[in-house]
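Per full-length UniProt numbering, the sequence shown starts with residue 1, numbered consecutively.
Worksheet: the structure to be examined is printed underneath.
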Amino acid sequence: MSVEGESRLLTDIITELRAAGCVFAEDEAELLLRTAGTRAELAELTRRRVDGLPLEVVLGWAEFLGDRFVVEPGVFVPRRRSEFLAEQAISLARPGAVVVELCCGSAAIVAAVARAVERIEPHACDIDPNCVRCARRNLTDLGGTVHRGDLYEPLPGELRGRVELLLANAPYVPTDEIASMPPEAREHEPPVALDGGTDGLDVHRAVAAEAPEWLSPGGRLLLETSGRQAERSAAICAEYGLDTRVARCEETDATVVVAT
Ligand code: GLN
């Protein structure tokens, strides 16, 4: 395509994306243009974005901690906010450590840890078959294993008492707040990735309840939560005999409960 043809095409896409309410229309249009192989493909990608699919799902990848990870339809898009949890895990992971991500979605968190720390043994679990497939694409080449099932249930029994780091960005949105989330998340991400029950903490209770059984001596549980739920998430971990503290990142408003 001529440079002139390309810049006209770009202008058209920007106009379409703006009309659909995309805030970063210029950047998104560039990404779509670079990702599409043909004009027909570009038109299709633009249509899917205009229909409200998250940009990362349209592109098929998300950037997380400076690397690209595969994202597929129906899989929770890794958030910038969760990079804080991954960074905390990276700073704590020792070579050789067993690192498990529960409710893994794309498994970008444990995959980012596996890319940063040598020779860890990564595992990831998710109940959703789409997530399991997507997570395998991100984790298998890094030597990781993805298990399908609810929370700890699919983990091999031999990992009991051996998990040095247990990571989860589990659903923590209270059920009655889902309706007021942005339509991108509400309509195109799996509700099971967001809905944490009446007070949003049902999954945190279930994760904390079994954590002591799976953690190695000195092992840690790192749970993403929201600023306003942090004290309650921490209290839940404490109820199960874990020593807890809350870590916050002001820049991205990320909050992580660290329990040992
Ligand atoms: N509000 C969070 C988000 O969309 C919810 C994440 C979660 O429930 N784990 O990033």
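Don't be surprised by glycine CBs; every beta carbon is placed ideally from N, CA and C.
Review point. Using CA coordinates, which residue listed in Gly149, Gly196 and Ile120 is at the minimum distance from Arg133?
Key: Closest by alpha carbon: Gly149.
Practice item. Could you tell me the distance, in whole angstroms, from the CA atom of Glu72 to the CA atom of Asn130? Key: Taking the straight line from one Cα to the other gives about 8 Å.
Review point. When the Cα atoms are used, what is the spatial distance from Arg94 to Thr46?
Key: If you take the alpha carbons of Arg94 and Thr46, they lie about 43 Å apart.
Check your understanding: Excluding sequence positions up to five away, which residues of its chain have a Cβ less than 7 Å from the Cβ of Ile236?
Key -> Excluding its 5 nearest sequence neighbours in each direction, Ile236 has C-beta neighbours in its own chain below 7 Å: Leu201, His204, Arg205 and Ala208, listed in chain order.
Exercise for review: Drop a sphere of 10 angstroms on the beta-carbon of Gly218, count the other beta-carbons inside from all chains shown, and report buried for 16 or more, exposed for fewer.
Suggested key: Answer is exposed; the Cβ neighbour count stays below 16.
Check your understanding: Where does Leu53 fall in DSSP's three states?
Key -> Coil at Leu53, not helix or strand.
Review point. Between which two residues does the alpha helix (DSSP H) containing Ser216 stretch?
Key: In the DSSP annotation of this structure, Ser216 is not part of any alpha helix (DSSP H); the continuous beta strand (DSSP E) holding it starts and ends at Leu215 to Thr225.
Check your understanding: Would you call Phe76 buried or exposed, if buried means 16 or more other Cβ atoms sit within 10 Å of its Cβ?
Key -> Under this definition Phe76 is a buried residue.
Exercise for review: Take Gly227 as the anchor and find which of Leu215, Ala247, Gly241 and Leu221 has the nearest alpha-carbon.
Suggested key: Comparing Cα-Cα distances from Gly227 to each of Leu215, Ala247, Gly241 and Leu221, the minimum goes to Ala247.
Point to revise | For Pro174 and Gly196, believed in contact at Cβ under 8 Å, the rounded distance | key: In this structure, Gly196 and Pro174 form a Cβ contact; the two beta carbons are roughly 6 Å apart against a cut-off of 8 Å.
Practice item. Measure from the alpha carbon of Glu118 to the alpha carbon of each residue in Ile90, Ala107, Ile109 and Ser106, then state which is nearest. Key: Restricting attention to Ile90, Ala107, Ile109 and Ser106, the CA atom closest to the CA of Glu118 is found in Ile90.
Point to revise | Complete beta strand (DSSP E) runs within the UniProt domain "Methyltransferase small" (72-172) (minimum length 3 residues, chain order) | key: If we require 3 residues or more, the beta strand (DSSP E) runs fully inside the UniProt domain "Methyltransferase small" (72-172) come out as 98-102, 121-126, 145-148 and 163-168.
Exercise for review: Please name the residue, chosen from Glu164, Tyr152 and Arg80, that lies closest to Glu121 on a Cα-to-Cα basis.
Suggested key: Selected option, being the one with the closest Cα: Glu164.
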